[in-house]
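Numbering follows full-length UniProt numbering, in which position 152 of the sequence shown is assigned residue number 152; successive positions increment by one, without gaps.
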Amino acid sequence: MLEGFLQIAFAEEFDFEVARAYVANKIQNYTFYVTAVYIIAIFSIRAAMTNYKSFELKVPMALWNGYLAVFSVCGFYVTSERMISEIRQKGIIGSYAQPNKFFYGRSGYWAFMLMVSKTIELGDTFFLVFRKKPLIFLHWYHHVLTFNYAIWAYTEGQPFNMYIAWLNYGVHAVMYG
Numbered sequence: 001m002l003e004g005f006l007q008i009a010f011a012e013e014f015d016f017e018v019a020r021a022y023v024a025n026k027i028q029n030y031t032f033y034v035t036a037v038y039i040i041a042i043f044s045i046r047a048a049m050t051n052y053k054s055f056e057l058k059v060p061m062a063l064w065n066g067y068l069a070v071f072s073v074c075g076f077y078v079t080s081e082r083m084i085s086e087i088r089q090k091g092i093i094g095s096y097a098q099p100n101k102f103f104y105g106r107s108g109y110w111a112f113m114l115m116v117s118k119t120i121e122l123g124d125t126f127f128l129v130f131r132k133k134p135l136i137f138l139h140w141y142h143h144v145l146t147f148n149y150a151i152w153a154y155t156e157g158q159p160f161n162m163y164i165a166w167l168n169y170g171v172h173a174v175m176y177g
């Protein structure tokens, strides 16, 4: 499974059809299990942490947030370019509803990486749990929902997902920055 990901992520030219098939055939079937493990893990660790002092984790959090901020700024830049191009060619409604080139080329690569990042971002919750911060329903539910939506929606290649990716990158660039 990792080999397929590496071939897509480091290909000389991004191929949406290869990425779409990889996600549909190798990734989608595991989202339920990843979600279950995530929920069990965060609540089990939170329960176990009642007997321990909280961890500081300032340096790891700074590195985590810094990486995700830079990643999100780069993704926002690339997706902005494609979105502006699509709006110029088709107008706002057309760019939202008509097939477009968002999932191909450079922006396609960043759409793929956004989908991948939803798995990585599940780690945000562990920073809360290990630091003994409140774990509100909205936080972990948001991660479960966006993780599953990103993976299941990716294979559809719907044009409106261009806006979702762009907004996600923009919000995360500010949030993690």
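Yeah, the Cβ is synthetic: ideal placement off N, Cα and C, and Gly gets one too.
Since we're looking at a predicted model, the values are computed, not measured.
Residue nearest to residue i in terms of C-alpha spacing, selected from the options
i      : options                        : result
Tyr22  : Trp166, Gln158, Tyr154, Asn100 : Tyr154
Asn148 : Glu3, Glu121, Val73            : Glu121
Trp166 : Arg131, Val73, Asn65           : Val73
Gly157 : Ala19, Ala9, Ile92             : Ala19
Lys26  : Tyr38, His142, Ile8            : Ile8
Met175 : Asn65, Arg46, Met49            : Asn65
Val37  : Trp110, Phe14, Val144, Met162  : Val144
Leu135 : Ile87, Ile45, Ile84            : Ile45
Gly177 : Met1, Phe5, Phe71              : Phe71
His142 : Met162, Phe5, Ile39            : Ile39
Contact check, residue i vs residue j, beta carbons under 7 Å
i      : j      : result
Tyr169 : Gly75  : yes
Ala150 : Lys118 : yes
Arg82  : Phe102 : yes
Thr125 : Ile42  : yes
Met61  : Phe130 : no
Lys132 : Met49  : yes
Exposure of residue i, with buried meaning 16 or more beta-carbon neighbours within 10 Å
i      : result
Glu17  : exposed
Phe160 : exposed
Tyr67  : exposed
Glu12  : exposed
Glu3   : exposed
Glu100 : Residue identity check: residue 100 is Asn in the sequence provided, not Glu. Buried, because 16 or more other Cβ atoms sit within 10 Å of the Cβ of Asn100.
Ser95  : buried
Ala173 : buried
Val116 : buried
Gln6   : The question names Gln, but residue 6 is Leu in the sequence shown. Leu6 should be labelled exposed.
Cβ shell of residue i (< 6 Å), same chain only, five flanking positions each side left out
i      : result
Arg106 : Val78
Ala24  : Thr155
Ile87  : Ser95
Endpoints, alpha helix (DSSP H) assigned at residue i
i      : result
Met49  : First-last for Met49: undefined, no H or E at that position.
Phe103 : Premise fails: Phe103 is in no alpha helix (DSSP H) and is neither H nor E.
Leu122 : Unbroken run through Leu122: none, as it is neither H nor E.
Ala11  : No alpha helix (DSSP H) contains Ala11, which DSSP labels as neither H nor E.
Tyr154 : 137 to 154
Val23  : Looking at the DSSP string, Val23 is not in any alpha helix (DSSP H), and its letter there is neither H nor E.
Arg131 : Per DSSP, Arg131 belongs to no alpha helix (DSSP H) and is neither H nor E.
Asn168 : 161 to 176
Gly91  : 58 to 97
Same chain, Cβ closer than 8 Å to residue i, neighbours up to 5 away in sequence not counted
i      : result
Thr31  : Phe147, Asn148, Ile151, Trp152
Gln28  : Ile151, Trp152, Thr155
Gly123 : Trp64
Tyr104 : Phe14, Phe16
Close Cβ partners of residue i (< 7 Å) along its chain, the five nearest in sequence each way excluded
i     : result
Gln98 : Lys90, Pro159
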